[in-house]
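Start counting the sequence shown at 1; every next residue gets the next number (the UniProt record's numbering).
In this text, a Cβ means the ideal position worked out from N, Cα and C, and glycines have one as well.
What follows is a short report on a single structure.
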Amino acid sequence: MHRTTSITVQDDGTVTTVRLSGEIDVTTRDAGRRAVAAAAAGGLPVVLDLREVEFIDSSGVAFLLQCHRACTSAGLDCRLRDVPRQAEVVLTVLGLRDVLPVVRDHASAGR
Numbered sequence: 001m002h003r004t005t006s007i008t009v010q011d012d013g014t015v016t017t018v019r020l021s022g023e024i025d026v027t028t029r030d031a032g033r034r035a036v037a038a039a040a041a042g043g044l045p046v047v048l049d050l051r052e053v054e055f056i057d058s059s060g061v062a063f064l065l066q067c068h069r070a071c072t073s074a075g076l077d078c079r080l081r082d083v084p085r086q087a088e089v090v091l092t093v094l095g096l097r098d099v100l101p102v103v104r105d106h107a108s109a110g111r
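Structure (structure tokens):
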């Protein structure tokens, strides 16, 4: 079952959450660029919530890295949260587990 892909940005005053859902691939490039710009402009730590991601390919990983770099350049913390098993395997195989830190619970998301 293919779900609609979406990327949304929400700022709660303490952290900016970028929620990704569905298939994160080349078709999400434009929405990804807008989300990165909005997240970095917020001036808050950024959490990339992957809970509803069903599939991620190299373009999706490039998006995660792009967001991380934009945040780092702006002096902002950027972490992943609720990483699905398939995405975790991809990140591990690519050696990115240390580059893209993972938040284990919602309470520490803004740290």
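With distances taken Cα to Cα, identify the nearest neighbour of residue i among the options.
| i | options | result |
| --- | --- | --- |
| Arg104 | Leu94, Leu20, Pro84, Gly22 | Pro84 |
| Asp57 | Arg34, Val90, Thr72 | Val90 |
| Leu96 | Phe63, Gly75, Ala74 | Phe63 |
| Leu76 | Gln66, Gly43, Val99 | Gly43 |
If you drop the 5 nearest sequence neighbours on each side, which residues of the same chain put their C-beta closer than 6 Å to that of residue i?
| i | result |
| --- | --- |
| Thr17 | Gln10, Val47, Asp49 |
| Arg79 | Val47, Pro101, Val103 |
| Gly110 | The predicted position of Gly110 is uncertain, since its pLDDT is 47 and thus under 50; a value taken from the coordinates is nonetheless stated next. Answer for Gly110: Thr14, Val15, Pro45, listed in chain order. |
| Ala70 | Val36, Ala40 |
| Thr5 | Gly22, Glu23, Thr28 |
In the DSSP assignment, find the unbroken beta strand (DSSP E) run with residue i in it and report its ends.
| i | result |
| --- | --- |
| Arg81 | 78-81 |
| Leu91 | From DSSP, Leu91 is part of no beta strand (DSSP E) but of the alpha helix (DSSP H) over 85-93. |
With 16 as the cutoff for other CB atoms within 10 Å, does residue i come out buried or exposed?
| i | result |
| --- | --- |
| Ala41 | exposed |
| Ala39 | buried |
| Leu94 | exposed |
| Gly60 | buried |
| Thr28 | buried |
| Pro19 | The question names Pro, yet the displayed sequence has Arg at residue 19. So Arg19 counts as buried. |
Kindly indicate the opening and closing residues of the alpha helix (DSSP H) around residue i.
| i | result |
| --- | --- |
| Gly60 | 58-73 |
| Arg33 | 29-41 |
Using a Cβ-Cβ cut-off of 7 Å (strictly less than) and excluding sequence neighbours within five positions of residue i, which residues of its own chain qualify?
| i | result |
| --- | --- |
| Ala31 | Ile7 |
| Arg51 | Asp82 |
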